[in-house]
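Note that the sequence shown covers residues -35 to -1, 1 to 663 in mature numbering (1 follows the signal peptide of the UniProt record, and there is no 0).
Backbone N, C-alpha and C fix where the C-beta goes; we use that ideal spot for every residue, glycine too.
Note that the structure is a prediction, hence the values are computed from the model and not measured.
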Amino acid sequence: MPSPARASRLRLRALLLLVAVAGTACLLAALPARAAAEPSAVLALFPLSPDTPAGVEPLPDQEPPGGDTGLPQVLGYLNGHPELALGAISATQSGYSQIQALLDITQGTRTSKSTYSPKNPPDLRFIPDGRGGLIVDWISAVLRAESAPADTVPGLLASSIPGGVGFVGISGEPNLEAIAASNRGGSIPSVSIGRPETVADRTAEMLRRHRFVVALLPPGFAGDRQLDALIGQRRDDELLIAEQAPPPFRGPQLLWTGILGLTEGSGGSFTSATTHLDGVAAGIDLLPTILDHLGIPVPDEVRGQPIRLQGTRDAAGIDALDNRLSVVAARRMPALQTFLFTWLAVVLLAGILRDRVGVRFGIRLGGLAMMWLPTMVLATAAFGPSRQAELFAIAVGSFTLALLTDRFVRWPRGPAVPCIVGLVAYTADLANNSHLIIRSLLGPSPRSGSRFYGLGNELEIALTLLMLIAVAASLRRRERTRGGAVAFALAGAALALVMGSGRLGADVGGIFTVAGGAAVATLLMLPGGITKKALGIALLTPVAGLAALAAVDLVTSGDGHFTRTVLHGSLNDQLDTFQRRYELAWNILKSGYAPLLIILCALAVTYAWRHRGRIYSAVETDPVWRACLLGGLGAAISGSLFNDSGPVLLFIGVVGLTFLTAYLRAGPGGPAAAGPDSPAAAPGTTAAPPPPPVPAAG
């Protein structure tokens, strides 16, 4: 038998061991409780059914989801959960790919596909590795991201969360969605691969070890049941984002999404400062939204903005918006072709009826109709008609309004009407969150992810030309005066404010376009000619415009690209923006028919300048129209130098000036019939007797 002393020591050791075991048990029991007290988040990716045709989104009559709702597949299932705030996520910017959409989620920043080298992302694959997993060829994705003129860091989301991110996948699937859970090294610390019917249970288990989990739902009704289980087991401090998994399709994508946990409430819709569009956020907005919910600082490299609840829950409205946006790009060229063919028909018909007088009338009418075109595409956007109806309405509506204008407003005053109406209409819609602009054929294409509100580059130069023409056609005195110079300057300043303000257009490049056009027109209207002082002031105009925009955005809390990148961004951000713009412009310049179009523009401008006395004989002595025409050319050149669309703005500007030239050259009876306000009757000249009146209808 052990001695009493030894027995006492054994009892003491046993007691200490018992205390240690009990303490460890208490500690282990307390760990899940502490984890449970911290906010958590789940990104549940809901894939389309595998029998969905490649490259084609399912039609309502192909895949009736969870009850015959008439909605697209995933949206129909999400709509069946009233707790979720409904909307759509813009997958990528510019060219779409499934892998790029997943990478953008992890990096919270995106840029145009054409600025990467190589342009397309590598063919990434997921492989399980013990309890975790790896993304094959991740290093290629990292090197490609480093080539872009932006702070794109794949895997930034997972690397920002202590302990990393867990992934819940499905047996027998490629589980490519695991990319969204990868850290900067291309690895995932915890992976659970199992049967489709256990996704919700395995997600709950994964949440015990990680604060953020990416889960792949099974497609169809089975995925809806797992989503229902995720909602049922969700804790109050858990953010649940159910998003359509990026599909392996081509073409721009809006991914249906439901969110629960942004606030204590439920339902409704959502938006973000990236889009300023109710019901739509961007894929890069997921990263800051998740980190904000988890209480983790958002890295400086991130350009996405937190998603917030805003708007009314309207699944049918979101679907209608996507349907409209999906046809906008495809209808642009047919609409232009229909317009040009209509113009040709008008000229031929008028020529048959009235010979040369009729031809002149038809040409003049086409010039006016082109000025009505921006207003007509805004009008058709309000109704969302069928393809044929929209093409017909734009062409016939533009020429009908042009006919009425030419009938009741004397040449060459006519352009003032469509230009002023267009400027007022677009300003009003910008103040109404670009509701019609984004749905119009000249809109910024939110589905492609490049711009979600405000003005695209095409409208930027178009509205600048409308402004210059409106001033030129409205001025009473037809000589160089300080009043005329002030009119061009003030109109340019007003339009620049509308284009650049974060509360309206949020188009910084538009300031340079407007400033270039307004500065040239103003200089040419100065009665004393172009002095060194005036030229210096004109060159400083864009800088002054940016300073004024900064002041307006700071006062009005405008949250546009200019505010976030230039005012609040670092020097590297500004340099990246500058580099990205010129890379995009250069890529456009060397692609497709762009070089030929630039050559044609240069030839057209050169020809017009050499033969200006003959081409512009009707307004030869009118300095106002001269200032307008050269100001328009200045706007086109300035816009092409300071915008990422570059050559596109130059081409649109030259085409617009060509239509204005057609109107000015085809006056009824020539300059002698222009009336007492016309350049033919300007002070210091002798107006010829007017010819017999020509009916406006030809």
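Are residue i and residue j touching if we call contact CB-CB under 8 Å?
i: Gly223; j: Glu203; result: no
i: Leu615; j: Ile580; result: no
i: Pro217; j: Tyr61; result: yes
i: Ala601; j: Val479; result: no
i: Leu338; j: Phe304; result: yes
i: Leu430; j: Gly618; result: yes
i: Val156; j: Phe132; result: yes
i: Glu266; j: Asp116; result: yes
i: Thr487; j: Ala438; result: no
i: Leu181; j: Gly137; result: no
i: Phe417; j: Phe607; result: no
i: Gly481; j: Ser603; result: yes
i: Glu142; j: Phe11; result: no
i: Ser105; j: Tyr81; result: no
i: Gly9; j: Ile249; result: Sequence inspection shows Ala at residue 9; the Gly mentioned does not correspond to that position. No. Outside cutoff.
i: Ser405; j: Leu489; result: no
i: Pro212; j: Ser14; result: no
i: Ala300; j: Ile359; result: yes
i: Glu425; j: Gly475; result: yes
What residue from the options has the CA that sits closest to residue i's CA?
i: Gly597; options: Ala123, Ala484, Ile580; result: Ala484
i: Gly120; options: Leu594, Tyr558, Ser152, Arg109; result: Ser152
i: Val263; options: Ser14, Gly73, Val620; result: Gly73
i: Leu108; options: Pro86, Asp189, Ala123; result: Pro86
i: Arg336; options: Phe373, Leu318, Arg319, Gly362; result: With the sequence shown as reference, residue 336 is identified as Met, and Arg is not the correct amino acid for it. Of the candidates Phe373, Leu318, Arg319, Gly362, the one whose C-alpha sits nearest the C-alpha of Met336 is Gly362.
i: Val7; options: Ala123, Ala56, Leu89, Ile64; result: Ala123
i: Ala285; options: Arg319, Ser82, Trp221; result: Trp221
i: Gly260; options: Gly419, Arg447, Pro127; result: Pro127
i: Pro411; options: Cys593, Ala627, Ile54, Ala360; result: Ile54
i: Ile402; options: Ile206, Arg289, Trp590, Ser14; result: Arg289
i: Val118; options: Ile206, His175, Thr71; result: Thr71
i: Thr228; options: Val436, Val570, Leu13, Leu49; result: Leu49
i: Ala169; options: Gly197, Ala146, Ala145; result: Gly197
i: Gly269; options: Thr392, Ile328, Arg319, Thr240; result: Thr240
i: Pro633; options: Leu594, Trp376, Leu424; result: Trp376
i: Leu629; options: Gly465, Pro612, Leu594; result: Leu594
i: residue 669; options: Leu51, Met464, Leu433, Pro139; result: Given a span of -35 to 663 for the chain in the structure shown, any question on residue 669 remains unanswerable.
Buried or exposed for residue i, going by 16 or more other Cβ atoms inside 10 Å?
i: Val(-15); result: Bear in mind that a pLDDT of 44 at Val(-15), under 50, signals an unreliable position, so the number given afterwards is only what the model happens to contain. So Val(-15) ends up on the exposed side.
i: Ile92; result: exposed
i: Leu568; result: exposed
i: Asn148; result: buried
i: Val451; result: exposed
i: Ala639; result: At Ala639, the pLDDT of 40 sits below 50, so the modelled position is not reliable and the matter cannot be decided from this model.
i: Ala396; result: exposed
i: Gly(-13); result: Note on Gly(-13): pLDDT 49, under 50, position unreliable in the model; the coordinate value appears next. Answer is exposed; the Cβ neighbour count stays below 16.
i: Tyr572; result: exposed
i: Ser399; result: buried
i: Val293; result: buried
i: Gln65; result: buried
i: Gln353; result: exposed
i: Leu172; result: buried
i: Trp308; result: buried
i: Gln63; result: buried
i: Gly323; result: buried
i: Ile100; result: buried
i: Glu355; result: buried
i: Leu(-5); result: Note that Leu(-5) scores 43 on pLDDT, short of 50, meaning its location in the model is unreliable and no value can be drawn from it.
i: Asp394; result: buried
i: Gly159; result: exposed
i: Ala(-3); result: Annotation note: pLDDT 39 at Ala(-3) (below 50); position unreliable, coordinate value reported separately. Exposed, because fewer than 16 other Cβ atoms sit within 10 Å of the Cβ of Ala(-3).
i: Ser351; result: exposed
i: Leu314; result: exposed
Any heavy atom of the ligand GTP inside 7 Å of the beta-carbon of residue i?
i: Glu203; result: In terms of ligand content, the structure shown is empty, and the ligand GTP therefore cannot be addressed.
**Message:** Restricting to runs no shorter than 4 residues, where is the alpha helix (DSSP H) found entirely within the segment 566 to 593?
**Reply:** 577 to 580
**Message:** Report the start-end ranges of each beta strand (DSSP E) in the segment 415 to 445 that is 3 residues or longer and not cut off at the edges.
**Reply:** none
**Request:** Report the residue ranges of all beta strand (DSSP E) runs contained in full by the segment 137 to 179; include only those spanning at least 3 residues, in chain order.
**Result:** 155 to 159
**Item:** Contact between the segment 327 to 334 and the segment 368 to 382 (3+ Cβ pairs under 8 Å)
**Value:** yes
**Item:** Ranges of the beta strand (DSSP E) found wholly within the segment 52 to 115, counting only runs of at least 3
**Value:** 90 to 94, 97 to 101
**Prompt:** Counting pairs of beta carbons, one from the segment 586 to 594 and one from the segment 442 to 451, are three or more of them closer than 8 Å?
**Reply:** yes
**Message:** Contact between the segment 189 to 207 and the segment 157 to 167 is defined here as three or more beta-carbon pairs at a separation below 8 Å; is this criterion met?
**Reply:** yes
**Message:** Would you call the segment 249 to 258 in contact with the segment 92 to 107, where contact means no fewer than 3 C-beta pairs closer than 8 Å?
**Reply:** no
**Message:** Just to confirm the assignment: which complete alpha helix (DSSP H) runs, minimum length 4, are found wholly within the segment 234 to 290?
**Reply:** 251 to 259
**Message:** For a minimum of 4 consecutive residues, which ranges assigned as the alpha helix (DSSP H) are wholly contained in the segment 178 to 235?
**Reply:** 185 to 198
**Message:** For a minimum of 4 consecutive residues, which ranges assigned as the alpha helix (DSSP H) are wholly contained in the segment 361 to 409?
**Reply:** 381 to 396
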